[in-house]
Amino acid sequence: MVTERSHMSGEQETGSAPQSPELNIAVLGDLHGHLTLAYRLLRRWERESGKNVDVILQVGDLGAFPPPYRIDKATMRFAQKDPDELGFAQYYEGSPEADGILGSEAPDETRIGARMYFIKGNHEDFEFLHGMRSFDGGPVPVDFYGMILHAQNGTIFPVSLNGMTVRVACLGGLAFHGGPGTGNGIWYTQSEVKRLWGAGAADILLTHDVPFGAVYAEAGSRDILEYVSHVPPLFHFCGHYHEDGQQLDVPGTTRSFLLNEVGFRKPASLNAGCIGILQWRSPTDCGFELLRQPWLQDYTRQNFREL
0 MVTERSHMSG EQETGSAPQS PELNIAVLGD LHGHLTLAYR LLRRWERESG KNVDVILQVG
60 DLGAFPPPYR IDKATMRFAQ KDPDELGFAQ YYEGSPEADG ILGSEAPDET RIGARMYFIK
120 GNHEDFEFLH GMRSFDGGPV PVDFYGMILH AQNGTIFPVS LNGMTVRVAC LGGLAFHGGP
180 GTGNGIWYTQ SEVKRLWGAG AADILLTHDV PFGAVYAEAG SRDILEYVSH VPPLFHFCGH
240 YHEDGQQLDV PGTTRSFLLN EVGFRKPASL NAGCIGILQW RSPTDCGFEL LRQPWLQDYT
300 RQNFREL
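Sequence positions in the sequence shown follow numbering that gives the first Met the number 0 and run 0 to 306.
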């Protein structure tokens, strides 16, 4: 591993206006149902920076478990202590809390206008996600508001806003070390890997697993390592391991970042490096930073809905 480095020079000035049109792309680590927490943090960033979040990317383990809750054992165990592990249901069905964030009449102090694109992790309702597929392979809304979209493995989708287009490549799930993968569960398949290689160039690679050897010596995905080494996107974002957010040491020119879980391993302390902002003006004028601002220390498991 290497320490976090930013491609942008200097610190971002709070409330400063952009020098030219830009996209502010928020990147989230594993959510495990904590969508409201993530949205509240992003709205705080908007207020502090004076900028808008234009689009949100999420690295899997969103916690996409709609009722009737086909839940894996680990999620069930955590949900007994933290009901927000099942927080996706509020956005799937619609609820007063979700209305106040994504609804058409949401108040300004809580409203988020950016769509969220996510890939599968290893803690989702895979049967549900497999049933939510588009004919053209593009991202599909999975929530009541049409604002949370599942991006399919082996695809590249464009984000076109503010006169700019950024291409995002997707490979959710984990590497299956016992063979080629087994379909629509927690693993990705080799057919999805081949489809991704054939999909053309991408600016961003979004995966759940990490490049092999980048976090632990004998863990991760050789397919992801090979992709970032030979088809180098500018940026790669991944999660799964719930370690402090950091830049990873990978071959080639890709800037690869591990994001922490969006949540509280300690009730009074937000996990470090769980959210980042990619500011994009062009392929040669862009940079990513993991948020470590002092105001993040205001948030606890008990108060995040009030801040």
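Don't be surprised by glycine CBs; every beta carbon is placed ideally from N, CA and C.
Residue nearest to residue i in terms of C-alpha spacing, selected from the options
i, options, result
"Ser307", "Asp248, Asp243 and Leu269", "As shown, the chain starts at 0 and ends at 306. That puts residue 307 outside it, with no answer to give."
"Arg76", "Ala25, Arg194 and His31", "His31"
"Ser190", "Leu204, Ala174, Ile203 and Ala201", "Ala174"
"His33", "Ala63, Glu47, Ile111 and Ile24", "Ala63"
"Leu170", "Leu128, Lys119 and Gly219", "Lys119"
"Asp142", "Ile70, Leu61 and Asp284", "Leu61"
"Pro65", "Leu277, Glu126 and Gly212", "Glu126"
"Leu36", "Ile111, Pro250 and Gly172", "Ile111"
"Gly272", "Ser159, Val165, Asp284 and Gly262", "Gly262"
"Val192", "Val230, Gln246 and Leu290", "Val230"
"Glu45", "Thr283, Met146 and Ile276", "Ile276"
"Asn161", "Tyr240, Arg291, Ala113 and Gly286", "Ala113"
"Gly172", "Gly212, Arg194 and Gly219", "Gly219"
"Gln292", "Ile274, Asp284, Cys285 and Gly286", "Ile274"
"Pro20", "Arg43, Ser159, Gly130 and Glu47", "Ser159"
"Leu22", "Arg194, Arg166 and Gln246", "Arg166"
Exposure label - residue i; buried when at least 16 CB within 10 Å
i, result
"Glu242", "buried"
"Asp135", "exposed"
"Arg221", "exposed"
"Pro106", "exposed"
"Thr253", "buried"
"Thr206", "buried"
"Pro266", "exposed"
"Thr154", "buried"
"Asp124", "buried"
"Arg264", "exposed"
"Pro138", "buried"
"Met7", "Its pLDDT being 41, under 50, Met7 is placed unreliably by the model, and the measurement read from it follows with that caveat. So Met7 counts as exposed."
"Asp83", "buried"
"Ala200", "exposed"
"Arg39", "buried"
Identified DSSP bridge partners for residue i
i, result
"His307", "Past the edges of the chain, shown from 0 to 306, lies residue 307, and the structure says nothing about it."
"Val141", "Partner(s): none; Val141 has no beta bridge."
"Ala168", "Ile155 and Leu204"
"Ser220", "Pro210"
"Met339", "Nothing can be reported for residue 339, as the shown portion of the chain is limited to 0 through 306."
"Leu173", "Trp186"
"Leu247", "Ser255"
"His235", "Leu204 and Ser255"
"Leu163", "Strictly speaking, residue 163 in this sequence is Met, with Leu absent from that position. Beta-bridge pairing links Met163 to Leu160."
Through-space distance from residue j to residue i, alpha-carbon basis
i, j, result
"Pro17", "Thr188", "For Pro17, the predicted structure reports a pLDDT of 45, less than 50, and the residue's modelled location is therefore unreliable. A value from the coordinates is still provided. Computed Cα separation, rounded: 41 Å."
"Ala198", "Gly59", "21 Å"
"Ser15", "Gly49", "Confidence in Ser15 is poor, its pLDDT being 48 and thus under 50, which makes the residue's placement unreliable; the coordinate value appears in the next sentence. Roughly 7 Å between the two C-alpha positions."
"Leu307", "Cys237", "Outside the modelled stretch of the chain, which goes from 0 to 306, sits residue 307, for which no answer is possible."
"Glu305", "Gln296", "14 Å"
"Val214", "Pro140", "32 Å"
"Val54", "His149", "14 Å"
"Glu104", "Pro67", "28 Å"
"Gly244", "Leu41", "17 Å"
"Tyr144", "Asn302", "25 Å"
"Asp208", "Ile185", "11 Å"
"Ser255", "Gly99", "34 Å"
"Pro232", "Arg300", "36 Å"
"Thr74", "Asn121", "11 Å"
"Thr109", "Ser268", "22 Å"
"Thr13", "Asp202", "With a pLDDT of only 44 at Thr13, under the threshold of 50, the placement of this residue in the model should not be trusted, and no figure is reported."
"Gly102", "Lys72", "32 Å"
"Ser133", "Tyr91", "18 Å"
"Pro210", "Asn259", "15 Å"
"Val52", "Lys80", "31 Å"
"Leu27", "Ala216", "25 Å"
"Leu128", "Phe117", "11 Å"
"Asp29", "Leu56", "11 Å"
"Trp279", "Leu85", "33 Å"
"Arg4", "Glu288", "Reliability fails at Arg4, whose pLDDT of 33 lies under 50, so the model's placement of it is uncertain and the value that follows must be treated cautiously. Rounded to whole angstroms, Arg4 to Glu288 spans 8 Å at the Cα level."
"Tyr240", "Pro282", "29 Å"
"His235", "Tyr226", "10 Å"
"Ala88", "Cys285", "35 Å"
"Leu195", "Ile147", "22 Å"
"Ala168", "Ile24", "15 Å"
"Gln246", "Leu257", "6 Å"
"Leu309", "Ala78", "Outside the displayed range of the chain (0 to 306) lies residue 309, so it cannot be described from this structure."
Min CB distance residue i to chain C below 8 Å
i, result
"Gly120", "Here there is only one protein chain, and chain C is not present."
Checklist entry - Counting only runs that start and end within the region 253 to 300, where is the beta strand (DSSP E) found for 3 or more residues in a row? => result List check, beta strand (DSSP E) in window: 254 to 257, 274 to 281 and 284 to 289.
Next on the checklist: Threshold first: 3 residues or longer. Then list the beta strand (DSSP E) segments lying entirely within the region 20 to 75, N to C.
Outcome noted: Entirely contained in the region 20 to 75, the beta strand (DSSP E) runs reaching 3 residues are, in chain order, 22 to 27 and 54 to 57.
Checklist entry - Which ranges would you report for the beta strand (DSSP E) in the region 79 to 129 if only whole runs of at least 3 residues count? => result With a minimum length of 3 residues, the continuous beta strand (DSSP E) runs that stay inside the region 79 to 129 are 114 to 117.
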